[in-house]
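Start counting the sequence shown at 417; every next residue gets the next number (my numbering). Glycine is no exception: its CB is placed at the ideal position from the N, C-alpha and C atoms. Here the structure comes first, spelled out in structure tokens, and everything after it is commentary.
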Amino acid sequence: MHEWPLIIFTLLMQITIGCVVTVWYCHTFIFTTLPDDKRLKLASPALLCALLCGGIGLLASVAHLGNPWHALFTLSHVASSWMSREILFTALFMGLLFLTLVYALVKKQLPTILLGLTALVGVADIFVMSAIYDHSRFILWQGWGTYAGFYGSAFMMGSLLYALCLWPRLHQLAENESARVMT
């Protein structure tokens with residue numbers, strides 16, 4: 417089946433975006449009482465996994481395009497083509513995610529505003545991905561169900577990825593805290 421690269425790209429980008437949104441939400445609203453270094457330790461493995469998933473997804477998209485240089489020509493139709501917008505938003509999202517992770521690792525602090533901007537561009541990217549299907553000729557893809565499916569799978573799978581990355585860190589923090597209390 418020649419559509420597998422497209423399916424892999426779509427699912428991995430949804431996971432990546434959902435994970436980044438979840439990291440931003442937890443960093444901004446849940447882990448606010450933790451010191452910056454612990455918040456960074458909780459966020460950085462998930463952001464690294466998200467970047468890896470997104471990178472693999474981009475490689476899969478190249479296999480679907482056939483010739484990766486065609487993506488550059490596609491960008492000339494941003495005003496009229498949802499596919500062009502998808503390429504633009506995905507590239508912008510992945511670039512921002514890379515910058516966020518590099519900043520966090522170099523400065524030893526998670527840039528909340530940059531992380532929020534990355535999450536916002538990611539949410540817009542999911543909208544654009546959904547719109548490609550919504551504006552197709554296949555009637556069953558037209559409507560709000562397509563958008564709900566894309567956002568639902570992104571946030572569920574992305575949250576799961578964050579939880580998987582978070583579990584060992586939270587376990588380690590709990591052990592350290594219980595050892596501190598015992599002494």
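Practice item. Measure the alpha-carbon distance for S496 versus E502 and round it to whole angstroms. Key: 12 Å
Exercise for review: Give the secondary structure of E419 by DSSP, where H, G and I count as helix, E and B as strand, and everything else as coil.
Suggested key: It is coil, neither helix nor strand.
Exercise for review: Measure the beta-carbon distance from V537 to L508 and round it to whole angstroms, keeping in mind my assumption that it falls under 8 Å.
Suggested key: About 5 Å separates the Cβ atoms of V537 and L508, confirming a contact at the 8 Å cut-off.
Check your understanding: Which term fits D541, buried or exposed, when burial requires 16 or more other beta carbons within 10 angstroms of its beta carbon?
Key -> Buried, since its Cβ has 16 or more Cβ neighbours within 10 Å.
Exercise for review: Report yes if the CB atom of T516 is closer than 8 Å to the CB atom of L582, and no otherwise.
Suggested key: no
Check your understanding: Okay, do the segment 513-531 and the segment 554-564 touch, 3+ Cβ pairs below 8 Å being the bar?
Key -> With the cut-off at 8 Å, the segment 513-531 and the segment 554-564 do not touch.
Exercise for review: State yes or no: is the C-beta of G434 within less than 8 Å of the C-beta of G574?
Suggested key: The Cβ atoms of G434 and G574 lie closer than 8 Å to each other.
Practice item. Would you mind reading off the limits of the alpha helix (DSSP H) that contains K523? Key: 498-523
Point to revise | DSSP-derived helix/strand/coil call for T449 | key: coil
Review point. Can you tell me whether H392 is buried or exposed, with buried defined as 16 or more other CB within 10 angstroms of its CB?
Key: In this structure the chain extends from 417 to 599, so residue 392 is not present and cannot be described.
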